[in-house]
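Protein chains: 2
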Amino acid sequence: MSKAKLINLVKKAKVASQTLGILSTAHKNKTLCELADALITLTPDILKANAKDLKVAAQKDMAPAMLDRLTLNEKRVKDMADAVIQVAKLSDPVGQVVEEYNHNQLHIKRVRIPLGVIGMIYEARPNVTIDAASLCFKSGNAVVLRGGSEAFHSNTALLKIFKMVLRRSGLNENTAVMVPFTDRKAMIDLLKLDQYIDVIIPRGGEGLMSFIKEHASIPVIKHDKGVCGIFVDASAKVEPSLKIIENAKVQRPGVCNALETLYVHQDIAPKFLPLLAKKLLPLGVELRGDPAVRKIIPQAGRATKADWSTEYLSLTLAIKTVKGIDDAIANIRKYSSNHTESILTENAKNTALFLNSLDSSCVMVNTSTRFNDGGELGLGAEIGISTTKLHAYGPMGLRELTAIKFVVSSHYGIRT
Amino acid sequence: MSKAKLINLVKKAKVASQTLGILSTAHKNKTLCELADALITLTPDILKANAKDLKVAAQKDMAPAMLDRLTLNEKRVKDMADAVIQVAKLSDPVGQVVEEYNHNQLHIKRVRIPLGVIGMIYEARPNVTIDAASLCFKSGNAVVLRGGSEAFHSNTALLKIFKMVLRRSGLNENTAVMVPFTDRKAMIDLLKLDQYIDVIIPRGGEGLMSFIKEHASIPVIKHDKGVCGIFVDASAKVEPSLKIIENAKVQRPGVCNALETLYVHQDIAPKFLPLLAKKLLPLGVELRGDPAVRKIIPQAGRATKADWSTEYLSLTLAIKTVKGIDDAIANIRKYSSNHTESILTENAKNTALFLNSLDSSCVMVNTSTRFNDGGELGLGAEIGISTTKLHAYGPMGLRELTAIKFVVSSHYGIRT
Chain S
16 MSKAKLINLV
26 KKAKVASQTL
36 GILSTAHKNK
46 TLCELADALI
56 TLTPDILKAN
66 AKDLKVAAQK
76 DMAPAMLDRL
86 TLNEKRVKDM
96 ADAVIQVAKL
106 SDPVGQVVEE
116 YNHNQLHIKR
126 VRIPLGVIGM
136 IYEARPNVTI
146 DAASLCFKSG
156 NAVVLRGGSE
166 AFHSNTALLK
176 IFKMVLRRSG
186 LNENTAVMVP
196 FTDRKAMIDL
206 LKLDQYIDVI
216 IPRGGEGLMS
226 FIKEHASIPV
236 IKHDKGVCGI
246 FVDASAKVEP
256 SLKIIENAKV
266 QRPGVCNALE
276 TLYVHQDIAP
286 KFLPLLAKKL
296 LPLGVELRGD
306 PAVRKIIPQA
316 GRATKADWST
326 EYLSLTLAIK
336 TVKGIDDAIA
346 NIRKYSSNHT
356 ESILTENAKN
366 TALFLNSLDS
376 SCVMVNTSTR
386 FNDGGELGLG
396 AEIGISTTKL
406 HAYGPMGLRE
416 LTAIKFVVSS
426 HYGIRT
Chain V
16 MSKAKLINLV
26 KKAKVASQTL
36 GILSTAHKNK
46 TLCELADALI
56 TLTPDILKAN
66 AKDLKVAAQK
76 DMAPAMLDRL
86 TLNEKRVKDM
96 ADAVIQVAKL
106 SDPVGQVVEE
116 YNHNQLHIKR
126 VRIPLGVIGM
136 IYEARPNVTI
146 DAASLCFKSG
156 NAVVLRGGSE
166 AFHSNTALLK
176 IFKMVLRRSG
186 LNENTAVMVP
196 FTDRKAMIDL
206 LKLDQYIDVI
216 IPRGGEGLMS
226 FIKEHASIPV
236 IKHDKGVCGI
246 FVDASAKVEP
256 SLKIIENAKV
266 QRPGVCNALE
276 TLYVHQDIAP
286 KFLPLLAKKL
296 LPLGVELRGD
306 PAVRKIIPQA
316 GRATKADWST
326 EYLSLTLAIK
336 TVKGIDDAIA
346 NIRKYSSNHT
356 ESILTENAKN
366 TALFLNSLDS
376 SCVMVNTSTR
386 FNDGGELGLG
396 AEIGISTTKL
406 HAYGPMGLRE
416 LTAIKFVVSS
426 HYGIRT
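Take a look at the structure:
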């Protein structure tokens with residue numbers, strides 16, 4: 016795609032965004048319900064497009080996990096439609112007054128407004144197209160979608176349906192536009208269109224993240240990797256702690272809030288680690304430990320320095336013994352990716368120290384890391400989990416897709 | 016400065032930042048009061064350093080306005096110390112619980128934490144050194160200061176005093192570090208240290224902004240220009256409206272919240288503009304208008320297209336007639352810099368349309384644009400006025416120098 020064509024496309028989204036902020040909640044919700052209906056009705060079209068992508072993928076010898084993420088079926092389209100209904104049900108953040116006060120002669124309100132145009136960059140999963148489009152729409156934002164090449168036909172079919180629904184609802188169809196997958200040059204061009212796009216939200220691997228970081232002049236809210244950690248304190252209750260670790264590591268190892276690095280207090284290690292091995296090894300978890308761990312768990316492989324900061328996204332767990340709470344905190348600061356950390360303890364002082372000292376997006380006590388998720392934390396739906404401290408840190412819901420402006424009134428007030 | 020040396024310096028600030036988040040409010044306030052005292056006691060040292068900068072400036076034939084901003088005297092140092100006391104008096108945002116709720120088996124809090132390390136890039140005014148250092152310190156952040164070369168000696172002397180106070184207070188003196196003014200290469204190196212710096216806050220002209228935007232991989236909260244607009248609606252009360260325009264344009268024309276572009280409803284123009292000219296011309300304001308304006312005000316010069324989006328920062332005012340509220344909104348969307356816009360009107364419908372349709376950081380009704388300022392809007396103190404929608408939009412106070420993390424507890428909760 017030429018730069019001129021790209022600018023033309025993105026400009027259209029910018030124009031569309033300017034009237035979205037004053038759209039009524041009822042109009043938005045009605046449109047979303049129509050989108051959900053249309054997805055169900057047009058499921059055959061979606062699956063036909065998806066079949067084209069799957070055919071290309073088969074020729075390319077795609078990894079099974081990626082192939083699975085790419086694959087749509089009736090059930091998955093139904094899930095997509097249900098998620099859209101869910102977004103319709105959430106309260107509209109636009110226009111919400113977050114603060115209201117008088118100061119001297121002024122009456123001041125702080126009011127939520129859409130961010131404007133959101134650039135969404137993502138890989139394989141076609142459902143992100145509909146998730147992102149519906150969340151951005153409900154929060155009054157236009158969206159520029161740039162999905163992976165492997166899902167091109169599926170994404171095109173899904174967007175076509177949304178555009179049809181927008182037109183039928185009397186709205187600007189450029190509320191959502193798609194940048195066809197193209198070469199790196201076009202991607203770089205896109206990342207520099209700060210005149211038209213207010214924020215880039217990238218979801219993907221490390222390669223994508225560093226590419227975006229290097230080239231974007233548009234502000235970026237990263238949805239980066241989760242090297243999540245759990246610290247088993249000396250006072251931890253053994254049985255429930257084992258259950259939490261199992262849950263955090265095994266329940267769904269391929270996601271960003273799964274456990275990757277376990278820190279165990281040296282005083283509890285001789286008692287705790289054999290029980291942990293007994294629990295995890297039969298579940299197929301590969302353990303990698305420091306020398307102290309390997310003395311206690313002979314089946315554990317040797318962990319290298321790289322293991323402490325690796326996001327495995329698989330059934331592998333790195334285990335490190337620590338001297339105590341301070342050592343655990345120092346290690347987490349050094350190796351974690353600021354995503355999610357949990358302490359397992361019965362010690363109130365250590366709990367406070369852990370929760371206050373660490374600045375990950377979500378810090379927990381006696382809780383599985385798997386709960387760092389928009390739905391689980393009560394946000395209703397999420398566009399992802401931000402690992403950028405600015406603007407939104409942790410799960411981003413509808414509210415996090417807005418900015419806050421000042422609205423000021425007075426009786427012809429002048430400054431002296 | 017070599018890249019290795021720069022990294023070493025910034026790393027020290029990062030280490031210092033890790034213990035600032037758990038510093039008590041009392042300790043921080045005591046340190047700030049000692050800083051204020053030290054500034055007064057050591058005023059002679061500061062003025063001696065400032066004299067060196069002024070000597071260099073004199074050789075360079077610096078513009079009078081810039082020379083004025085660079086100049087310190089006893090009164091200005093006293094003002095600086097007073098501002099530090101003011102920051103000490105503000106409530107501490109760190110640790111504030113902004114939300115607390117239960118969701119299923121979880122107890123969830125959202126808690127303010129420091130951003131981490133803030134990179135402050137600014138020009139001429141040495142007082143920014145102390146303002147930024149004290150605001151960052153109070154909000155638990157370490158700061159990397161990079162002031163203009165012209166204030167090098169003044170900034171060095173001021174930072175030296177802060178470091179002395181930090182040491183005496185038992186704190187890490189690298190809580191604030193300074194990058195000596197150097198070549199563009201070192202600046203580019205600095206802008207790419209996203210591993211250590213959490214946000215760049217630049218204050219300065221357009222050249223600086225676009226340079227930073229081009230090179231930064233660190234998130235940037237721009238403090239960009241203010242092309243502020245006022246729309247005089249047909250129903251505006253004439254006398255108070257004239258006073259507001261005078262205030263917005265004349266009271267302090269060199270600042271970002273001063274009025275630059277005036278939009279006048281064509282129906283009120285024949286009555287309003289002659290009175291406006293009568294008010295502003297004797298005050299030395301240069302008027303530039305479109306053909307309709309020039310027919311009514313013969314003394315007005317011709318405005319070119321560039322005038323509608325120019326930040327004069329001087330006693331010049333661009334005036335454009337518009338057909339009505341929609342035309343005014345369309346023009347402001349096209350030409351303003353999203354800083355501050357005000358409508359002067361007695362029409363409630365137009366007020367609502369104006370306040371809802373425009374997404375500038377501050378939208379006002381019957382109020383002077385000069386009020387878009389942290390102090391005036393009740394924030395207590397400000398590090399600047401953000402024109403970036405993300406994170407903080409408009410005046411940034413202490414609270415805007417923090418992020419919000421999730422703190423989650425449960426009774427060994429696992430996800431099913």
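Heads up: the sequence lines are chains S and V, in that order.
According to the numbering used here, the first sequence is numbered sequentially starting from 16.
According to the numbering used here, the second sequence is numbered sequentially starting from 16.
Glycine residues also receive a C-beta, built at the ideal position from the N, C-alpha and C atoms.
query                                                                                                                               : result
Chain S contact residues for V/THR382, given Cβ-Cβ distances below 8 Å                                                              : LEU121, VAL423, SER424, SER425, TYR427 and GLY428
Test: V/LYS404 CB closer than 8 Å to a CB of chain S                                                                                : yes
Delimiting residues of the alpha helix (DSSP H) encompassing V/ILE100                                                               : 89 to 104
Residues that V/GLY36 contacts on chain S, provided the C-beta gap is smaller than 8 Å                                              : ASN371, SER372 and ASP374
Where V/SER232 sits in the DSSP three-state scheme                                                                                  : coil
Neighbourhood of S/LYS207 by C-beta distance below 8 Å, restricted to the same chain and skipping five residues each side           : HIS230, ALA231, SER232 and ILE233
Spatial neighbours of S/THR46 in its chain, beta-carbon cut-off 8 Å, leaving aside the 5 residues before and after                  : PHE152, VAL180, LEU181, SER184 and LEU186
Exposed unless 16 or more other CB atoms sit within 10 angstroms - verdict on S/GLN33                                               : buried
Neighbouring residues, chain S, relative to V/LYS258 (Cβ below 8 Å)                                                                 : TYR427 and ILE429
Closest residue to S/ASN142 among S/LEU121, S/ILE123 and S/LYS90 (Cα-Cα distance)                                                   : S/LYS90
Neighbourhood of S/ALA98 by C-beta distance below 8 Å, restricted to the same chain and skipping five residues each side            : ASN142, ILE145, ASP146, SER149 and ALA396
Short CB-CB distance (under 8 Å) between S/VAL113 and chain V                                                                       : no
Straight-line gap, S/CYS271 to S/ASP60 (C-alpha atoms, nearest Å)                                                                   : 32 Å
From S/VAL194, S/PHE386, S/ASN156 and S/ALA19, residue whose alpha carbon lies closest to that of S/GLN266                          : S/PHE386
Integer-rounded CB distance, given that V/PHE287 should sit under 8 Å from V/VAL337                                                 : Contact flag wrong, Cβ pair sits at about 13 Å.
Secondary structure of V/ARG183, DSSP reduced to three states                                                                       : helix
Nearest to S/SER372 (by Cα), restricted to the options S/ILE344, S/THR58, S/LEU392 and S/ILE227                                     : S/ILE344
Beta carbon of V/ASN156 nearer than 8 Å to that of V/LEU21                                                                          : no
Cβ of V/HIS118 within 8 Å of any chain S Cβ                                                                                         : yes
Nearest neighbour of S/ILE400, chosen from S/LYS124, S/THR355, S/ASP213 and S/PRO306 [CA to CA]                                     : S/THR355
Host alpha helix (DSSP H) of V/ILE260 (start-end)                                                                                   : 253 to 265
V/GLY162, DSSP secondary structure in three states                                                                                  : coil
Within chain S, partners of V/ARG309 - CB distance below 9 Å                                                                        : Neighbours of V/ARG309 on chain S: none; closest Cβ ~27 Å, over 9 Å.
Simplified DSSP state of V/ALA333, which is helix, strand or coil                                                                   : strand
S/VAL423 versus V/GLU361 - alpha carbon distance                                                                                    : 15 Å
Alpha-carbon to alpha-carbon, S/ALA103 and V/ILE340                                                                                 : 32 Å
Length of the line joining the Cα atoms of S/LEU359 and S/LEU62                                                                     : 45 Å
Assigned secondary structure, V/ALA2 (DSSP; H/G/I helix, E/B strand, else coil)                                                     : In the structure displayed, chain V extends from 16 to 431; residue 2 of chain V sits before or after that span and is not available.
Sub-8 Å separation of S/GLY393 and V/HIS122 beta-carbons                                                                            : no
Identified DSSP bridge partners for V/GLN115                                                                                        : Correcting the residue type first, residue 115 of chain V is Glu in the shown sequence and not Gln. V/LYS124, per the DSSP bridge assignment.
Per-residue DSSP class, three states only, for V/MET411                                                                             : strand
Partner residues on chain S for V/TYR408, Cβ-Cβ distance less than 9 Å                                                              : ILE128, ALA418, ILE419, LYS420 and PHE421
Own chain, CB closer than 8 Å to V/ARG125, minus 5 neighbours either side, in chain order                                           : VAL112, VAL113, GLU114, GLU115, ILE419, LYS420, PHE421 and VAL422
CB contact below 8 Å: V/PHE287 versus chain S                                                                                       : no
Where V/ASP76 falls, given that 16 or more other Cβ within 10 Å makes a residue buried                                              : exposed
Inter-stretch contact (C-beta, 8 Å, three-pair minimum) for the segment 255 to 266 of chain S and the segment 314 to 326 of chain S : no
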